[in-house]
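Protein chains: 2
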Amino acid sequence: MTSDVTIDTGQEAVGHIRRTSTDLLRRIEDRLNSLLAAERDVWAGVHPRAVVPINALSELITSGGKRIRPAFCVTGYLAAGGDPDDPGIVAAGAALEMLHLSALVHDDVLDDSSQRRGLPTVHTKHAALHDSRGWRGEPRRYGEGVAILVGDLALVYSDELMAEAPRSVVPEWNRLRSEVMIGQYLDVHAAAEFSAAPHSSRLIARIKSGRYTIHRPLVVGANVAGRNELAPAFEEYGEAVGEAFQLRDDLLDAFGDSTDTGKPTGLDFTQHKMTLLLGWAMQRDERIHSLITEPGHTPDEVRRRLVDTGVPADVERHIAGLVERGCKAIADAPIDQVWRSELADMAMRVAYRKA
Amino acid sequence: MTSDVTIDTGQEAVGHIRRTSTDLLRRIEDRLNSLLAAERDVWAGVHPRAVVPINALSELITSGGKRIRPAFCVTGYLAAGGDPDDPGIVAAGAALEMLHLSALVHDDVLDDSSQRRGLPTVHTKHAALHDSRGWRGEPRRYGEGVAILVGDLALVYSDELMAEAPRSVVPEWNRLRSEVMIGQYLDVHAAAEFSAAPHSSRLIARIKSGRYTIHRPLVVGANVAGRNELAPAFEEYGEAVGEAFQLRDDLLDAFGDSTDTGKPTGLDFTQHKMTLLLGWAMQRDERIHSLITEPGHTPDEVRRRLVDTGVPADVERHIAGLVERGCKAIADAPIDQVWRSELADMAMRVAYRKA
Numbered sequence: 000m001t002s003d004v005t006i007d008t009g010q011e012a013v014g015h016i017r018r019t020s021t022d023l024l025r026r027i028e029d030r031l032n033s034l035l036a037a038e039r040d041v042w043a044g045v046h047p048r049a050v051v052p053i054n055a056l057s058e059l060i061t062s063g064g065k066r067i068r069p070a071f072c073v074t075g076y077l078a079a080g081g082d083p084d085d086p087g088i089v090a091a092g093a094a095l096e097m098l099h100l101s102a103l104v105h106d107d108v109l110d111d112s113s114q115r116r117g118l119p120t121v122h123t124k125h126a127a128l129h130d131s132r133g134w135r136g137e138p139r140r141y142g143e144g145v146a147i148l149v150g151d152l153a154l155v156y157s158d159e160l161m162a163e164a165p166r167s168v169v170p171e172w173n174r175l176r177s178e179v180m181i182g183q184y185l186d187v188h189a190a191a192e193f194s195a196a197p198h199s200s201r202l203i204a205r206i207k208s209g210r211y212t213i214h215r216p217l218v219v220g221a222n223v224a225g226r227n228e229l230a231p232a233f234e235e236y237g238e239a240v241g242e243a244f245q246l247r248d249d250l251l252d253a254f255g256d257s258t259d260t261g262k263p264t265g266l267d268f269t270q271h272k273m274t275l276l277l278g279w280a281m282q283r284d285e286r287i288h289s290l291i292t293e294p295g296h297t298p299d300e301v302r303r304r305l306v307d308t309g310v311p312a313d314v315e316r317h318i319a320g321l322v323e324r325g326c327k328a329i330a331d332a333p334i335d336q337v338w339r340s341e342l343a344d345m346a347m348r349v350a351y352r353k354a
Numbered sequence: 000m001t002s003d004v005t006i007d008t009g010q011e012a013v014g015h016i017r018r019t020s021t022d023l024l025r026r027i028e029d030r031l032n033s034l035l036a037a038e039r040d041v042w043a044g045v046h047p048r049a050v051v052p053i054n055a056l057s058e059l060i061t062s063g064g065k066r067i068r069p070a071f072c073v074t075g076y077l078a079a080g081g082d083p084d085d086p087g088i089v090a091a092g093a094a095l096e097m098l099h100l101s102a103l104v105h106d107d108v109l110d111d112s113s114q115r116r117g118l119p120t121v122h123t124k125h126a127a128l129h130d131s132r133g134w135r136g137e138p139r140r141y142g143e144g145v146a147i148l149v150g151d152l153a154l155v156y157s158d159e160l161m162a163e164a165p166r167s168v169v170p171e172w173n174r175l176r177s178e179v180m181i182g183q184y185l186d187v188h189a190a191a192e193f194s195a196a197p198h199s200s201r202l203i204a205r206i207k208s209g210r211y212t213i214h215r216p217l218v219v220g221a222n223v224a225g226r227n228e229l230a231p232a233f234e235e236y237g238e239a240v241g242e243a244f245q246l247r248d249d250l251l252d253a254f255g256d257s258t259d260t261g262k263p264t265g266l267d268f269t270q271h272k273m274t275l276l277l278g279w280a281m282q283r284d285e286r287i288h289s290l291i292t293e294p295g296h297t298p299d300e301v302r303r304r305l306v307d308t309g310v311p312a313d314v315e316r317h318i319a320g321l322v323e324r325g326c327k328a329i330a331d332a333p334i335d336q337v338w339r340s341e342l343a344d345m346a347m348r349v350a351y352r353k354a
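Quick mapping for you: the protein sequence lines, in order, are chains A and B.
FYI, numbering that gives the first Met the number 0 numbers position 305 of the first sequence as 304, with every residue one higher than the one before it.
FYI, numbering that gives the first Met the number 0 numbers position 311 of the second sequence as 310, with every residue one higher than the one before it.
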């Protein structure tokens, strides 16, 4: 496999690789939809209601999302010189996004989130349906039950997609998935304990978010292209930019605008998420712990106190340092210069996103 | 691949195939444990608490279970003449059992079951832990969140195992898994509506239980042995014996002994499960519906009324007919006679089990 980005100078080269990436991402989107459409066809003939869990996934895909994981997977693949016409990369990118849908649906139950991408979450929607129809049993258990099964189905479909990628990707794919589940467990446990332990928070953020979002999708892409030797550079880049991604997440939750993010803000406070931001802030000002855990305090009080600690400004500086570290990590990687620039650009977009 | 069961007469042949099956089932058990042990080793070095979800699966394996799915998978494989030394069948059998563990952990949340195999269910155990430690947030959400993640992890591991089987198994494996999830959704929906619709109940029982337990494991086994042409006979056998399996399940829940089954009985009543047994009974006596849905009635009242309808006796007759149909289905299958007897024997064991 050879890179065909050797033809032209700066701007042209950037234009070319972006068109190639965009085209691959469009095909990944098509693959997600075609898998669900095929499943819908099969199941519609079995039982009219059997398509409900499939439709829940289609709605989630249609309602938005940043497609960060497919984007990094495609970038890792193309930077490694992968052939843009190979269907294996389309399958791999679609598998990563489908896995993410599963994680979102289950996460929303874990966090009891009511909104996702501007729509009611799966469990909220089905609990409300149960309630409005006056069905038997408890609306909450029904809604959460449906969400468990919808997330399980997405997990199965993600795997069905990845089975179309080269088999060499299996170990990385396995590691990525068990990391997400175990990282999530550590996260809900840390939220339950809610004691400031920045070392532990940082580890959890790295496992459940950074690796899953950036490092491993890049490595999956390189692997599909047959270039496993890029893994160490992509790992270093991914660990740094992944942490920046997570820190921006923390800041957006604390200070962002819910019309941008499509979900309520301040959830980390109400759910006692031991984010890095909160962990660091509590180390400087113990009263933040009680502002969050004791009743009668508004999110605005927490926000003001957070700003007073100076931690948000420090986090901004830390993010800048991480982006720099990420760029350094790929400075000597055996990839075309235009891909180094593209990865630097993606690091900036991830670290300074608004939603 | 050739069958090596051509040497000896009746009893000897039976003894031989049973030893071969038992040995394979033991290796499947070892593979389940070795995968979890390897994962434990990896994760113990990352975070001391990261092994908790892995240990939850180990405990579930150790606490019992009938291993019906691996048994049918191994039988399908050996009946098809598969080589007992091939590691692919061990991986496939272990994958089926790991998938089942995932389904059990998630089912117990869906049904709010407190016990499984004589132990507290995952969500019950972790909710109690949360409560006893006085952690933040709601014990129920924490317990169910942990169970969601433990089930997800098992789903990932099941796939990790199946990736070691021949790739030809992928379509059957995909179908089996999406069938479980969608069948379960139809089941929780039917329980919520709780209207007697025996046609629909029968379809759901077939999708979520019969195919998953018998038909598809047999076909997976035949496929791993490279004998897809056995699929139609195994399908017919599996559909009949699978329905018998499910009807026995309904009877055991209604009339069984919880010390035998390792879980509380009468759950189908309290959870308004629209089983075939209840569907048929309600068609004969409408008052059963209100005995179940209205407060103030004991399970014993429901049981007495059920017996009065004569449906349990009819179900017994129906089970006998299904076993017969299953045996007929394989009468002309191109497998050794000793395997035809073994499959007939397994049909009896499944249909007349006590737990």
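Glycine is no exception: its CB is placed at the ideal position from the N, C-alpha and C atoms.
Since the structure is predicted, the reported quantities are computational estimates derived from the model, not experimental observations.
Worksheet item: What residues from chain B crowd round glycine 136 of chain A, counting only those whose CB sits closer than 8 Å?
Response: In chain order: Ala190, Ala191, Gln270, His271.
Practice prompt. With 8 Å as the threshold, decide whether the Cβ of leucine 148 of chain A is near any Cβ in chain B.
Written response: At least one CB of chain B lies nearer than 8 Å to the CB of leucine 148 of chain A.
Item to complete: Could you name the residues of the region 106-122 of chain A whose beta carbon sits closer than 8 Å to any beta carbon of chain B, in the order they occur along the chain?
Response: Correct list: Val108, Leu109, Asp111.
Worksheet item: Can at least three beta-carbon pairs, one atom from the region 139-146 of chain B and one from the region 113-129 of chain B, be found at a separation below 8 Å?
Response: In this structure the region 139-146 of chain B lies against the region 113-129 of chain B, because at least three pairs of beta carbons, one per stretch, are closer than 8 Å.
Worksheet item: Which residues in chain B sit within 9 Å of glutamine 282 of chain A, going by Cβ to Cβ distance?
Response: Neighbours of glutamine 282 of chain A on chain B: none; closest Cβ ~18 Å, over 9 Å.
Worksheet item: Is the region 224-243 of chain B in contact with the region 68-85 of chain B, if contact means three or more CB pairs nearer than 8 Å?
Response: Segments in contact, yes.
Worksheet entry | Best match in A/Leu217, A/Leu160, A/Cys326, A/Ser194 for proximity to methionine 273 of chain A [C-alpha to C-alpha] | Closest option to methionine 273 of chain A, Cα to Cα, is A/Ser194.
Worksheet item: Alpha carbon to alpha carbon, what distance is there between alanine 191 of chain A and methionine 0 of chain A?
Response: At methionine 0 of chain A the pLDDT is 46, less than 50, meaning the model places this residue with poor confidence; the figure from the coordinates comes in the next sentence. C-alpha separation (whole angstroms): 49 Å.
Worksheet item: In chain order, what residues of the region 177-188 of chain B put their CB closer than 7 Å to some CB of chain A?
Response: The residues in question are Ser177, Met180, Ile181, Gln183, Tyr184, Leu185, Val187, His188.
Fill in: Inter-stretch contact at 8 Å, needing at least 3 Cβ pairs: the region 25-34 of chain A / the region 59-76 of chain A
The region 25-34 of chain A, when compared against the region 59-76 of chain A, does touch it at the 8 Å Cβ threshold.
Worksheet item: When the Cα atoms are used, what is the spatial distance from threonine 5 of chain A to glutamate 238 of chain B?
Response: Unreliable placement is indicated for threonine 5 of chain A, whose pLDDT of 49 sits below 50; no coordinate value is reported for it.
Discussion item. Following a CB-centred definition, is isoleucine 318 of chain B positioned closer than 7 Å to any heavy atom of the ligand FAD?
Written reply: In the structure on display, the ligand FAD does not appear, and there are no ligands present to speak of.
Fill in: Within 8 Å, strictly: CB atoms of leucine 217 of chain B and threonine 21 of chain B
Taking 8 Å as the Cβ cut-off, leucine 217 of chain B and threonine 21 of chain B do not qualify as a contacting pair.
Item to complete: Express the C-alpha separation of isoleucine 329 of chain A and proline 119 of chain B in angstroms, rounding to a whole number.
Response: Each residue's Cα considered, the two are about 50 Å apart.
Discussion item. Is there a Cβ of chain B sitting closer than 8 Å to that of glutamate 38 of chain A, yes or no?
Written reply: Closer than 8 Å to some Cβ of chain B, the Cβ of glutamate 38 of chain A qualifies, so yes.
Discussion item. In this structure, how does DSSP classify proline 165 of chain B when only helix, strand and coil are distinguished?
Written reply: In the structure shown, proline 165 of chain B falls within a coil segment according to DSSP collapsed to helix, strand and coil.
Worksheet item: Does the distance from the CB of arginine 316 of chain A to the CB of aspartate 284 of chain A come in under 8 Å?
Response: No, they are not a contact pair.
Fill in: Rounded straight-line distance, which links the Cα of glutamine 183 of chain B to that of leucine 290 of chain B
One Cα belongs to leucine 290 of chain B, the other to glutamine 183 of chain B, and the distance between them is close to 25 Å.
Worksheet item: Using 8 Å as the Cβ pair cut-off and three pairs as the minimum, do the region 102-119 of chain A and the region 254-270 of chain A touch?
Response: With a cut-off of 8 Å, the region 254-270 of chain A and the region 102-119 of chain A count as touching, because enough Cβ pairs lie within range.
Fill in: Reduced DSSP secondary structure (H/G/I, E/B, other) of glutamine 390 of chain A
Residue 390 of chain A lies beyond the range of chain A shown here (0 to 354); nothing can be said about it.
Worksheet item: Counting pairs of beta carbons, one from the region 86-94 of chain B and one from the region 156-171 of chain B, are three or more of them closer than 8 Å?
Response: Enough Cβ pairs lie closer than 8 Å, so yes.
Worksheet item: Where does glutamine 245 of chain A land, buried or exposed, given buried means 16+ other C-beta within 10 angstroms?
Response: The C-beta of glutamine 245 of chain A has 16 or more other C-beta atoms within 10 Å across all chains shown, which makes the residue buried.
Worksheet item: Is histidine 99 of chain A buried or exposed, if buried means 16 or more other CB atoms sit within 10 Å of its CB?
Response: By the neighbour-count criterion, in which a residue is buried when 16 or more other Cβ atoms sit within 10 angstroms of its Cβ, histidine 99 of chain A is buried.
Fill in: Assigned exposure category for lysine 353 of chain B - 16 Cβ within 10 Å defines buried
With fewer than 16 other Cβ atoms within 10 Å, it is exposed.
Worksheet item: Which residues, in order along the region 150-168 of chain A, keep a beta-carbon less than 8 Å from a beta-carbon of chain B?
Response: So the list reads Gly150, Asp151, Leu152, Leu154, Val155, Tyr156, Asp158, Glu159, Ala162, Arg166, given in the order they occur along the chain.
Worksheet item: Just the Cα atoms here: how many angstroms apart are alanine 102 of chain B and methionine 180 of chain B?
Response: The alpha-carbon atoms of alanine 102 of chain B and methionine 180 of chain B are separated by roughly 9 Å.
Worksheet item: Does the separation of the CB atoms of isoleucine 213 of chain A and leucine 185 of chain A fall below 8 Å?
Response: No, the pair does not count as a contact, with Cβ atoms beyond the cut-off.
Fill in: Nearest candidate by alpha-carbon position, reference tryptophan 42 of chain B, set A/Pro86, A/Arg174, A/Gly150
For tryptophan 42 of chain B, the closest of A/Pro86, A/Arg174, A/Gly150 by C-alpha to C-alpha distance is A/Arg174.
Worksheet item: What did DSSP end up calling proline 355 of chain B once you bin it into helix, strand or coil?
Response: Any property of residue 355 of chain B remains undetermined from this structure, which presents chain B solely from 0 to 354.
Worksheet item: Around the Cβ of proline 52 of chain A, are there at least 16 other Cβ atoms within 10 angstroms (buried) or fewer (exposed)?
Response: If you draw a 10 Å sphere on the C-beta of proline 52 of chain A, you find 16 or more other C-beta atoms in it, and that means buried.
Item to complete: Would you mind sorting proline 138 of chain A into buried or exposed? The rule is 16 or more other CB atoms within 10 Å of its CB.
Response: Buried is the call here.
Discussion item. Could you give the first and the last residue of the continuous alpha helix (DSSP H) run that contains methionine 345 of chain B?
Written reply: For methionine 345 of chain B, the enclosing alpha helix (DSSP H) stretches over residues 336-350.
Worksheet item: Do arginine 215 of chain A and glutamate 171 of chain A have their CB atoms nearer than 8 Å?
Response: Yes; because the gap between Cβ atoms is below 8 Å, this pair is in contact.
Item to complete: Locate the alpha helix (DSSP H) running through serine 131 of chain B, then write down its first and last residues.
Response: Serine 131 of chain B -> alpha helix (DSSP H) spans 121-132.
Worksheet item: Given that arginine 140 of chain B touches chain A, what residues does it touch there, using C-beta distances under 7 Å?
Response: Simply Asp111.
Item to complete: Tell me where the alpha helix (DSSP H) around serine 33 of chain A begins and ends.
Response: Annotation: the continuous alpha helix (DSSP H) that includes serine 33 of chain A extends over 9-43.
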